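These notes are about the structure you will find just below.
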Amino acid sequence: MSAPGPARHWRAALAEGRFLLQRARASGTVFFPPRLMEPGSGDDEWDWIEASGLGTVHAVTVIHPRPPHEPRAVVLIDLDEQVRLMSEVEGVPAEAIAIGLRVRARIGERDGAPILLFDAAEA
Amino acid sequence: MGGSFPRGATAIAGLATFGLGECPGWTSLEMAAKAGQLAVADAGLTMREVDGLFICLPDDVLAGLSLAEYLGLSPRFTDCNRTGGSAFMSHVATAAMMLTAGYIDTALITYGSNQRSGGGKLSTPVGSNAWEAPYKPLFPASSYALAASRHFHQYGTTRRQLAEVAVAARAWANGNPEAFAQGPLGIDDVLAARMLSSPISVKDCCLVTDGAAAVVMTRIDRARDAPRPPVPVLGAAAATWHNAISQMGDLTTTAAAESGPRAYAMAGIGPGDVDVVELYDAFTINTILFLEDLGFCPKGEGGRFVEDGAIAPGGRLPVNTNGGGLSCCHPGMYGLFAIVEAARQIRGEAANQIPGVDIALAHGNGGTLSSQATVILGSAATI
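Going down the list, the protein sequences come from chains A and B.
When the count follows full-length UniProt numbering, it moves up by one through the first sequence with no breaks and lands on 123 for the last residue.
When the count follows full-length UniProt numbering, it moves up by one through the second sequence with no breaks and lands on 383 for the last residue.
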């Protein structure tokens, strides 16, 4: 039997405290979410790499649930590896999370499962 | 770049809407069948002549099979293509190719949804993918809000400009007895509305209504014999660049920037030739993005383009003349209603009829700004 697919491999690594990305050998392009091959080229020669964890807020929306729930921000983050993903920035008031904010990844836990989150990076 | 398309070889020969707004006591399937029946009659045909069936239903992934059974048809081709609310523009493209090839002779494209009477929420089997769901975005509103946040950041677009889109849609709706949302709506009303997922407020969102629509397509020679004026299909192009918003390369440029130019090339026209524009306005930001991507103004200028009632009645460009998804109807998937309104404008029978329409554009959006499909319709004088 072949090894588990890339999505499952990524989740298993996250559970072990590692944030992985994939990098195509020929083009050097880094991609996420996990795939069997580089999107576009179809190149299936790639390696798992450890993410730097550093990134920048690319887009932000503040969701306003009905009270008593507090507004909360959902963001798109551009990692320094030129990869974009959805996440949340913790420890910063929702309305203060602005496009351009530098952030650093952290693996947290929600609903009993590991989850990729971000904090404001030290200046 | 347009690809090969049988310009003017096929036409919309019949059309109908049914149950717009509230249609209590009806199922989605019944509504789609009723709209289909009305469109077939409008084309001067009989149901047993339908040999190509194209349908999406919000709550039935095998809707093509369900409708064929319901109508007692055994179509030569059944298409349940699901690209979200743009599916119907893709149906037009497929039907045009199949009719021209002689594979089918009569295509029925239909849709129905009882989502308002049936539950009152947006009816969709779609949600966030596994990589976005843990962060609990509002689906799909937060995805559009994220795109709007980039448009604000890069181009200085404002909530007031988004509000212009909602206000224009309402002004058109107020002239359309079929439109569900009627009554005054001002910029300040939109700005004061409850925030949902910033910068999108509840008044920046499309309606939740019931509604059904259908069109019948035939080859142009048969359409010329129909009771109503034929509406030739001049071009139809679909494009998709992503599904989840986190995978959209440039959040301010949609694949309409591909589907539009391809459809224009097929039709042999440009945006300056379009007399009336029907866009899938699931959210106010959509109208701004699509006006840019379809070439009606430069990228980034959409917010300024819609100011001062420019797309409202009496403005410089008639956009969403039925009131759109924002104020006419939004029964889950809106694409076919944009096509019907564009065809009515060509036929000269729209509630808010624009004088002398020879070219009408209907643009569909599916997913989270993901699937984009453009249909260009003409009058008989254009072929």
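Even glycine gets a Cβ: it sits at the ideal position worked out from N, Cα and C.
Keep in mind the model is a prediction, meaning the values are calculated, not measured.
query = Are the stretch 361-371 of chain B and the stretch 265-285 of chain B touching by the rule of at least three beta carbon pairs closer than 8 Å?
reply = yes
query = Under 8 Å, do ALA380/B and PRO177/B count as touching if we go by C-beta distance?
reply = Walking along the second sequence from the start, residue 380/B turns up at place 380. Walking along the second sequence from the start, residue 177/B turns up at place 177. No. Outside cutoff.
task = Could you tell me whether any Cβ in chain B is nearer than 8 Å to the Cβ of PRO33/A?
result = By 1-based counting over the first sequence, the position of residue 33/A is 33. PRO33/A counts as touching chain B.
query = Quick one: what does DSSP say residue 384/B is sitting in, helix, strand or coil?
reply = Because chain B here runs from 1 to 383, residue 384/B falls outside it and cannot be looked at.
ask   = Taking Cβ positions only, does ALA282/B come closer than 8 Å to chain A?
value = Stepping through the second sequence from its first residue, residue 282/B is reached at position 282. Closer than 8 Å: no.
ask   = Cβ atoms of GLY366/B and GLY85/B: under 8 Å apart, would you say?
value = By one-based count along the second sequence, residue 85/B stands at place 85. By one-based count along the second sequence, residue 366/B stands at place 366. Contact flag set, yes.
message = I'd like the span of the alpha helix (DSSP H) that includes ILE346/B, first residue to last.
response = Taking the second sequence and counting its residues from 1, one reaches residue 346/B at position 346. It spans 335-347 - the alpha helix (DSSP H) in which ILE346/B sits, taken as one unbroken run.
ask   = With distances taken from CA atoms, which of GLY14/B, ALA39/B, SER117/B, THR78/B is nearest THR27/B?
value = Counting from one through the second sequence, the residue named residue 27/B turns up at place 27. Checked all of GLY14/B, ALA39/B, SER117/B, THR78/B; the closest Cα to THR27/B is SER117/B.
task = Could you work out which residues of chain B lie near HIS64/A, taking near to mean beta carbons separated by less than 8 Å?
result = Here the question's residue 64/A lines up with position 64 in the first sequence. The answer, in chain order, is ARG194, MET195, LEU196, SER197, SER198.
request  = Can you give me the Cβ contacts of GLY323/B inside the same chain, cut-off strictly under 6 Å, excluding the 5 residues immediately before and after it?
outcome  = Translated into the one-based positions of the second sequence, residue 323/B becomes position 323. Cβ neighbours of GLY323/B beyond the five flanking positions: ALA169, TRP172, ALA173, ASN176, ALA179.
query = Can you list, in chain order, the residues of its chain whose CB lies under 8 Å from that of ALA68/B, leaving out five sequence neighbours each side?
reply = The residue you call residue 68/B lines up with position 68 of the second sequence. So the qualifying residues of the chain are LEU53, SER74, PRO75, THR78.
message = If you follow the beta strand (DSSP E) that SER28/B is in, where does it begin and where does it stop?
response = On the second sequence, residue 28/B is found 28 positions in, with the first residue counted as 1. Taken as a continuous stretch (DSSP letters only), SER28/B belongs to no beta strand (DSSP E), being part of the alpha helix (DSSP H) at 28-42.
ask   = Just to confirm, are ARG7/B and MET266/B a CB contact at a threshold of 8 Å?
value = Walking along the second sequence from the start, residue 7/B turns up at place 7. Walking along the second sequence from the start, residue 266/B turns up at place 266. Their beta carbons are under 8 Å apart, which means ARG7/B touches MET266/B by this criterion.
ask   = In three-state terms, what does DSSP make of HIS330/B?
value = On the second sequence, position 330 is the one that residue 330/B refers to. If DSSP states are grouped into helix, strand and coil, HIS330/B belongs with coil.
task = Please list, in chain order, all residues of the same chain as GLY302/B whose beta carbon is under 6 Å from its beta carbon, the five residues on each side excluded.
result = One-based indexing of the second sequence puts residue 302/B at position 302. If we look at GLY302/B and ignore the five residues flanking it on each side, its Cβ neighbours are ILE288, LEU291, GLU292.
inquiry  = Can you confirm whether SER259/B, when its beta carbon is compared against all beta carbons of chain A, has any partner nearer than 8 Å?
reply    = As a position in the second sequence, residue 259/B is number 259, starting the count at 1. It does not; no Cβ of chain A falls within 8 Å.
message = Going by DSSP, what residue range makes up the beta strand (DSSP E) through GLU50/A?
response = Mapped onto the first sequence, residue 50/A falls at position 50. It spans 46-50 - the beta strand (DSSP E) in which GLU50/A sits, taken as one unbroken run.
query = In the structure shown, what three-state DSSP assignment does ALA105/A receive?
reply = Counting from 1 along the first sequence, the entry for residue 105/A is found at position 105. Strand at ALA105/A.
query = What whole-angstrom Cβ distance do GLY378/B and LEU234/B have, given they're in contact under 8 Å?
reply = If you number the second sequence from 1, residue 378/B lands on position 378. If you number the second sequence from 1, residue 234/B lands on position 234. With a Cβ gap of about 5 Å, GLY378/B and LEU234/B count as contacting.
inquiry  = Taking CB distances under 8 Å as the criterion, tell me whether LEU146/B reaches chain A.
reply    = As a working mapping, residue 146/B is identified with position 146 in the second sequence. Closer than 8 Å to some Cβ of chain A, the Cβ of LEU146/B qualifies, so yes.
inquiry  = Strictly below 8 Å CB to CB, what residues from chain C border SER27/A?
reply    = Given the protein chain composition of this structure (A and B), no chain C is represented.
ask   = Distance, Cα to Cα, PHE283/B vs PRO134/B?
value = Taking the first residue of the second sequence as position 1, residue 283/B is located at position 283. Taking the first residue of the second sequence as position 1, residue 134/B is located at position 134. The straight-line gap from Cα to Cα measures roughly 24 Å.
task = For THR209/B, write down the residues that DSSP places opposite it in a beta bridge.
result = The residue you call residue 209/B lines up with position 209 of the second sequence. Looking at the DSSP assignment, THR209/B forms no beta bridge with any residue, so it has no partner.
task = Determine, using beta carbons only, whether LEU116/A and SER87/A come nearer to each other than 8 Å.
result = Residue 116/A sits at position 116 when you count from the first residue of the first sequence. Residue 87/A sits at position 87 when you count from the first residue of the first sequence. For LEU116/A and SER87/A, yes; Cβs fall inside 8 Å.
ask   = Quick one, which residues of the UniProt domain "ChsH2 C-terminal OB-fold" (48-106) of chain A are near chain B if we go by CB-CB under 7 Å, in chain order?
value = ALA59, VAL60, THR61, VAL62, ILE63, HIS64, VAL74, LEU76, ARG84, LEU85, MET86, SER87, GLU88, ILE99
key: Where THR17/B falls, given that 16 or more other Cβ within 10 Å makes a residue buried   = For this step, residue 17/B is matched to residue 17 along the second sequence. By the 10 Å Cβ count, THR17/B comes out buried.
request  = Have a look at GLU30/B and ALA212/B and give me their C-alpha separation to the nearest angstrom.
outcome  = Here residue 30/B is taken as the residue at index 30 of the second sequence, counted from 1. Here residue 212/B is taken as the residue at index 212 of the second sequence, counted from 1. Taking the straight line joining both Cα atoms gives about 9 Å.
ask   = Can you give the Cα-Cα distance for ILE12/B and LYS203/B, rounded to whole angstroms?
value = Sequence index remark: in the second sequence, residue 12/B carries index 12 (1-based). Sequence index remark: in the second sequence, residue 203/B carries index 203 (1-based). Their backbone Cα atoms lie some 33 Å apart in a straight line.
task = Check whether the Cβ atoms of THR29/A and LEU146/B sit closer than 8 Å, and answer yes or no.
result = Your numbering for residue 29/A matches position 29 in the first sequence. Your numbering for residue 146/B matches position 146 in the second sequence. Not a contact, by the Cβ cut-off of 8 Å.
message = Could you check whether VAL75/A and VAL92/A sit closer than 8 Å to each other, using their CB atoms as the reference points?
response = Position 92 of the first sequence, counted from the start, is the residue given in the question as residue 92/A. Position 75 of the first sequence, counted from the start, is the residue given in the question as residue 75/A. No, the pair does not count as a contact, with Cβ atoms beyond the cut-off.
query = By a C-beta neighbour count over all protein chains shown, 10 Å radius and 16 as the cutoff for buried, is HIS91/B buried or exposed?
reply = Translated into the one-based positions of the second sequence, residue 91/B becomes position 91. By the 10 Å Cβ count, HIS91/B comes out buried.
task = Using a Cβ cut-off of 8 Å (strictly closer), state whether ARG110/A contacts chain B.
result = Here residue 110/A is taken as the residue at index 110 of the first sequence, counted from 1. Yes - at least one Cβ of chain B is within 8 Å of the one on ARG110/A.
task = Grab the span of the alpha helix (DSSP H) containing THR10/B for me, first residue to last.
result = As a first step, residue 10/B is located in the second sequence; it is residue number 10 there, counting from the start. That residue, THR10/B, is in no alpha helix (DSSP H); its beta strand (DSSP E) goes 10-21.
task = Determine the DSSP secondary structure at GLN372/B, reduced to helix, strand or coil.
result = Mapped onto the second sequence, residue 372/B falls at position 372. Three-state DSSP puts GLN372/B in a strand.
key: Three-state secondary structure (DSSP) of ALA310/B   = Taking the first residue of the second sequence as 1, we reach residue 310/B at position 310. Coil, per DSSP.
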